[in-house]
Every structure is written in structure tokens, then in C-alpha cells.
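See below for the structure under consideration.
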Amino acid sequence: METGKPLPRLSLSRLVASDYIAFSVTLYPAALWLVFFGMASIDLVKAGWAWQLSTISQSLGYIAGMITLICLPLLGWRILKLNAILKDGVEIVGKVKSLSFWRDRGVVVYTYQYRGKKYQTGATLHKTRLTRALQPGEDIRLIVSKDDPRRAFIKHLYTS
Numbered sequence: 429m430e431t432g433k434p435l436p437r438l439s440l441s442r443l444v445a446s447d448y449i450a451f452s453v454t455l456y457p458a459a460l461w462l463v464f465f466g467m468a469s470i471d472l473v474k475a476g477w478a479w480q481l482s483t484i485s486q487s488l489g490y491i492a493g494m495i496t497l498i499c500l501p502l503l504g505w506r507i508l509k510l511n512a513i514l515k516d517g518v519e520i521v522g523k524v525k526s527l528s529f530w531r532d533r534g535v536v537v538y539t540y541q542y543r544g545k546k547y548q549t550g551a552t553l554h555k556t557r558l559t560r561a562l563q564p565g566e567d568i569r570l571i572v573s574k575d576d577p578r579r580a581f582i583k584h585l586y587t588s
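Heads up, the sequence shown is in the numbering used here, so the first residue is 429 and it goes up one at a time.
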């Protein structure tokens with residue numbers, strides 16, 4: 429059932445909070461840079477405020493830089509992929525088939541019907557207030573790609 433309403437915009441904060449891939453590729457570089465700057469600060473104090481980094485701090489800086497260079501394109505790819513669905517997508521009603529969480533992540537599987545054909549897809553989620561609120565059997569609003577109806581995502585988890 430298409431609603432015909434204008435589609436919302438992708439919310440970067442909701443994307444990073446709800447989507448496990450986006451969460452991971454944002455968290456890992458941020459954590460590494462935080463540790464690097466902490467260690468660099470300690471090195472700075474030990475060296476009497478002369479900018480001298482220990483070998484460990486230098487290595488951590490290189491590793492943080494490389495991980496960032498890997499993760500930023502992955503986040504960009506995820507944003508582009510979801511924006512492409514939003515651009516050509518339609519809003520429909522689907523149903524949560526199953527939901528399971530383990531530690532800080534989970535998997536949701538949902539079903540929907542588009543143009544008379546039934547589809548089932550899912551997503552790997554980060555455990556948040558919004559994702560924990562999902563219940564099997566619950567009706568949900570999905571954004572489905574017109575070009576490839578197998579691609580869909582839960583509207584309120586990714587948009588503002």
C-alpha cells in the first residue's frame with residue numbers, strides 16, 4: 429500500500445545509532461583517535477610540552493589513519509545506498525517477522541508486499557531504544573526501492 433506522501437530525509441544520527449554497519453564504521457575510528465590523542469597528550473606532558481610522540485603513539489596514529497581511510501568510504505557507501513532507495517522509493521506498510529538481539533546488535537526480518545509480490549528482507553541493527561521497541565508481528569512503515577523492491581528499510585530507524 430503506497431501512501432503517496434513526500435519521502436523524508438535520511439538522518440545521519442539515526443543511521444549511525446540504529447544501523448550496525450554505520451555504527452561500527454563510525455565507532456572504530458573515533459575510538460582509535462580518542463586513544464591516540466590521549467596517548468599523545470601523555471607523551472606531550474612527559475616530554476615537557478615538546479611535541480615528541482612515542483613509537484607506540486606514532487604507530488597508533490598511523491593505524492587510526494588507515495582505519496579511518498577504510499571506514500569513511502564504507503560509511504559514505506552506506507549513506508549513498510540508503511539515499512538512493514529514498515530517492516526512488518515508496519513508503520509502504522510491512523510487518524516485522526522476527527527480531528533477535530545478542531549483546532549490542534540484532535537482526536530484524538520483515539515482510540512486505542509491493543506490486544502484488546511478497547518480499548522478505550532484513551537488517552543488522554545496533555541495540556537502541558528505537559530498535560528494542562520493534563516487536564514481531566508489528567506493522568512498520570518501510571521505504572522500498574521501486575527499481576529493486578528487494579531493497580527496503582524501516583523508515584523510523586533511518587529518517588527524521
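Ideal placement from N, C-alpha and C gives every residue a C-beta, glycine not left out.
Interface flag, R437 vs chain C, CB-CB below 8 Å:
Checking the listed chains, one finds no chain C in this structure; it contains a single protein chain.
Which residues bound the beta strand (DSSP E) around D567?
For the purposes of this step, residue 567 is identified with residue 139 of the sequence shown, where counting begins at 1. For D567, the enclosing beta strand (DSSP E) stretches over residues D567 to S573.
Using the three-state DSSP reduction, which class does R579 fall into: helix, strand or coil?
For the purposes of this step, residue 579 is identified with residue 151 of the sequence shown, where counting begins at 1. In this structure, R579 counts as coil in the three-state DSSP scheme.
I'd like the span of the beta strand (DSSP E) that includes Q541, first residue to last.
As a working note, residue 541 is residue 113 in the sequence shown. That run of the beta strand (DSSP E) goes R533 to Y542.
Please report the straight-line C-alpha distance between V524 and P564, rounded to a whole angstrom.
Working through the sequence shown from its first residue, we reach residue 524 at position 96. Working through the sequence shown from its first residue, we reach residue 564 at position 136. Pairing V524 with P564, the inter-Cα distance amounts to about 5 Å.
Using only the alpha-carbon positions, how far apart do V444 and T587 sit?
The residue given as residue 444 occupies position 16 in the sequence shown. The residue given as residue 587 occupies position 159 in the sequence shown. When rounded, the distance between both Cα atoms is 11 Å.
Taking the alpha helix (DSSP H) that L438 belongs to, which residues open and close that run?
Stepping through the sequence shown from its first residue, residue 438 is reached at position 10. Going by DSSP, L438 is part of no alpha helix (DSSP H) at all; its letter is neither H nor E.
May I have the straight-line CA-CA distance separating M467 from W477, to the nearest angstrom?
The sequence position of residue 467 within the sequence shown is 39, counting from 1. The sequence position of residue 477 within the sequence shown is 49, counting from 1. If you draw a straight line from the Cα of M467 to the Cα of W477, it is about 13 Å long.
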